[in-house]
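Read the sequence shown against numbering that gives the first Met the number 0 and you will find it ends at 175, with the numbers running on by one and no gaps.
Cβ coordinates follow ideal geometry from the N, Cα and C atoms, glycine included.
Okay, structure first, notes after.
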Amino acid sequence: MALRRLALAGFAAATVLTAGCTATRDFHGYVPDQALPEDVKPAVDTRSTVLARLGTPSTASIFDQTGVQERFTPGKEKLWVYMSSTRERLAFYYPKVVARHIIAVQFDEDDVVSDVLVYDTADGRVVDYNSRVTPTRGRELGILEQLFGSLGSLRNQLPGMEQDNRQPGDNPGRRN
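What follows is the structure, given as structure tokens:
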């Protein structure tokens, strides 16, 4: 009987401990209700129909195809981008992106859809951040130099110990 209770307590403890190790998923960005990017047809849909189907974009670009910034006019952006990502985190590990979807809708001059581009995680690129450190000029101070380095410069800062650097004829309140 005692062995059975011990086994049951061990099973309950193992269940509680493994429940803390389940993966948690975080959803970020645009989540479409029912509309799909395939519902947006080039040369058929307009800016207003895309807004009605997909909603407000995550971001909008004011650059044209060549990368030149045009004069910003609200509501006249050339590209609407809808972005979403799903991250999964297991216990104490760093989160990992398991899915990323980007829908880019391009418009022509008449506010008609010219192209619909769909990207996912496979289309992404890994950006390697530069982790090098730029050294500062001068010498490195140790902990003792930082603590006791200013003791010699204290004598000119005590009250009544200031040096008078004025020259004869100098009036601090007068301007020449």
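Item to check | Three-state class that DSSP yields for Arg-139 in the structure shown | outcome: The sequence as given places Glu at residue 139; Arg does not occur at that position. Coil.
Checklist entry - Is Ser-83 helix, strand or coil when you go by DSSP? => result strand
Checklist entry - What is the DSSP secondary structure of Val-43, reduced to helix, strand or coil? => result coil
Checklist entry - What did DSSP end up calling Phe-10 once you bin it into helix, strand or coil? => result helix
Checklist entry - Leu-78 bridges to which residues according to DSSP? => result Ser-60, Gln-105
Item to check | With 16 other Cβ atoms within 10 Å as the buried cut-off, status of Glu-76 | outcome: buried
Next on the checklist: Does Leu-78 pass the burial test, meaning 16 or more other C-beta atoms within 10 Å, or should it be called exposed?
Outcome noted: Under this definition Leu-78 is a buried residue.
Checklist entry - Does the distance from the C-beta atom of Arg-46 to that of Asp-110 stay below 7 Å? => result yes
Checklist entry - Cα-Cα, which of Thr-21, Ser-84, Leu-89 is closest to His-100? => result Ser-84
Checklist entry - For Val-104, which of Leu-116, Pro-94, Val-96, Lys-95 has the nearest alpha-carbon? => result Leu-116
Item to check | Sufficient close CB pairs (3 or more, under 8 Å) joining the stretch 8-23 to the stretch 86-94 | outcome: yes
Item to check | Per-residue DSSP class, three states only, for Val-125 | outcome: coil
Item to check | Residues near Gly-28 in its chain [Cβ-Cβ closer than 7 Å; skip 5 each side] | outcome: Ser-57, Met-82, Ser-83, Ser-84
Next on the checklist: What would DSSP say about Asp-110, mapped onto helix, strand or coil?
Outcome noted: Coil.
Item to check | Closest by C-alpha distance to Lys-95, when choosing among Val-15, Asp-25, Ala-6, Ala-8 | outcome: Closest option to Lys-95, Cα to Cα, is Asp-25.
Item to check | Per-residue DSSP class, three states only, for Val-15 | outcome: Looking at Val-15 - three-state DSSP - the assignment turns out to be helix.
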